[in-house]
Amino acid sequence: MIFVHNVEHALEQLSEFGQRLVATIVFQDYTQDEAAEVLHCARRTVCREFPEAVDRISELFLDGGLLNRLPSVPVENSCQEGERGAFYASDWKEAE
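If you're matching positions, the sequence shown starts at -7 in my numbering and goes up one per residue.
Written as C-alpha coordinates, this is what we have:
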(Lines of atoms letter the chains of each structure in order from A and count residues from 1; the text may use other names and numbers.)
(Lines give C-alpha, C1' and ligand atoms only; values in the text may rest on other atoms or scores of the structure.)
Protein backbone atom coordinates (compact mmCIF):
# COMPACT_ATOMS: atom_id res chain seq x y z
CA MET A 1 0.00 0.00 0.00
CA ILE A 2 2.83 2.41 0.82
CA PHE A 3 4.49 1.67 -2.53
CA VAL A 4 1.28 2.50 -4.41
CA HIS A 5 0.93 5.73 -2.43
CA ASN A 6 4.54 6.70 -3.23
CA VAL A 7 4.04 5.98 -6.95
CA GLU A 8 0.85 8.04 -6.99
CA HIS A 9 2.63 10.88 -5.21
CA ALA A 10 5.48 10.80 -7.75
CA LEU A 11 3.02 10.89 -10.65
CA GLU A 12 1.30 13.90 -9.09
CA GLN A 13 4.60 15.80 -9.39
CA LEU A 14 4.36 15.61 -13.20
CA SER A 15 2.43 18.04 -15.34
CA GLU A 16 -1.10 17.00 -16.27
CA PHE A 17 0.10 16.07 -19.75
CA GLY A 18 3.03 14.11 -18.30
CA GLN A 19 0.64 12.17 -16.07
CA ARG A 20 -1.64 11.33 -18.99
CA LEU A 21 1.35 10.40 -21.14
CA VAL A 22 2.81 8.01 -18.56
CA ALA A 23 -0.61 6.49 -17.89
CA THR A 24 -1.21 5.94 -21.60
CA ILE A 25 2.18 4.44 -22.49
CA VAL A 26 3.17 2.66 -19.28
CA PHE A 27 -0.10 1.62 -17.66
CA GLN A 28 -2.26 1.15 -20.77
CA ASP A 29 0.60 -0.23 -22.92
CA TYR A 30 0.03 2.07 -25.90
CA THR A 31 2.81 2.67 -28.41
CA GLN A 32 4.08 6.21 -28.82
CA ASP A 33 2.16 6.50 -32.10
CA GLU A 34 -1.05 5.32 -30.43
CA ALA A 35 -0.47 7.63 -27.46
CA ALA A 36 -0.10 10.62 -29.77
CA GLU A 37 -3.41 9.78 -31.40
CA VAL A 38 -5.23 9.20 -28.10
CA LEU A 39 -3.78 12.36 -26.53
CA HIS A 40 -4.42 14.44 -29.67
CA CYS A 41 -0.86 15.61 -30.07
CA ALA A 42 2.03 15.12 -32.47
CA ARG A 43 4.17 12.00 -32.18
CA ARG A 44 7.16 14.32 -31.87
CA THR A 45 5.62 15.77 -28.71
CA VAL A 46 5.28 12.28 -27.25
CA CYS A 47 8.87 11.43 -28.22
CA ARG A 48 10.11 14.61 -26.54
CA GLU A 49 7.95 14.60 -23.41
CA PHE A 50 7.90 10.90 -22.48
CA PRO A 51 11.64 10.50 -21.74
CA GLU A 52 11.54 13.70 -19.69
CA ALA A 53 8.60 12.36 -17.67
CA VAL A 54 10.44 9.06 -17.13
CA ASP A 55 13.55 10.95 -15.99
CA ARG A 56 11.50 13.00 -13.54
CA ILE A 57 9.76 9.93 -12.09
CA SER A 58 13.08 8.08 -11.84
CA GLU A 59 14.61 10.94 -9.87
CA LEU A 60 11.58 11.06 -7.57
CA PHE A 61 11.79 7.29 -7.04
CA LEU A 62 15.51 7.56 -6.27
CA ASP A 63 14.94 10.47 -3.86
CA GLY A 64 12.09 8.60 -2.17
CA GLY A 65 14.00 5.35 -1.83
CA LEU A 66 11.78 3.40 -4.24
CA LEU A 67 14.81 2.81 -6.48
CA ASN A 68 18.43 2.34 -5.56
CA ARG A 69 21.04 4.33 -7.40
CA LEU A 70 23.49 2.09 -9.23
CA PRO A 71 27.06 2.44 -8.04
CA SER A 72 29.30 4.24 -10.46
CA VAL A 73 32.02 2.03 -11.81
CA PRO A 74 35.22 3.73 -12.94
CA VAL A 75 36.22 2.84 -16.47
CA GLU A 76 39.81 2.91 -17.53
CA ASN A 77 40.77 3.33 -21.16
CA SER A 78 37.30 4.10 -22.45
CA CYS A 79 37.12 4.21 -26.23
CA GLN A 80 33.89 6.17 -26.12
CA GLU A 81 33.37 9.92 -25.93
CA GLY A 82 34.57 11.89 -22.93
CA GLU A 83 33.62 11.37 -19.32
CA ARG A 84 29.94 11.75 -18.49
CA GLY A 85 28.00 12.05 -15.32
CA ALA A 86 24.46 10.79 -14.94
CA PHE A 87 22.68 9.44 -18.01
CA TYR A 88 19.04 10.36 -18.50
CA ALA A 89 16.47 8.94 -20.91
CA SER A 90 16.08 12.41 -22.42
CA ASP A 91 19.81 12.63 -23.25
CA TRP A 92 19.20 11.16 -26.70
CA LYS A 93 18.27 14.68 -27.87
CA GLU A 94 21.86 15.83 -27.36
CA ALA A 95 23.11 13.22 -29.83
CA GLU A 96 21.06 14.64 -32.69
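No residue lacks a Cβ here, since even glycine has one placed at the ideal position from N, Cα and C.
- With a beta-carbon spacing of about 7 Å, G10 and E41 fall inside the 8 Å limit used to define contacts.
- Contact between S7 and P43 is ruled out by a C-beta separation of about 14 Å, above the 8 Å threshold.
- Excluding its 5 nearest sequence neighbours in each direction, Q24 has C-beta neighbours in its own chain below 8 Å: I17, R35, V38, C39, F42, listed in chain order.
- For V46, the CB contacts under 6 Å within the same chain, skipping 5 residues up- and downstream, are A81 in chain order.
- Of A2, N(-2), F79, E68, the smallest CA-CA separation from L62 is found for F79.
- H32 sits in coil when the DSSP states are folded into three classes, being neither helix nor strand.
- L58 and S64 have their C-alpha atoms roughly 19 Å apart.
- If you look at A2, you'll find it in the alpha helix (DSSP H) that goes -6 to 4.
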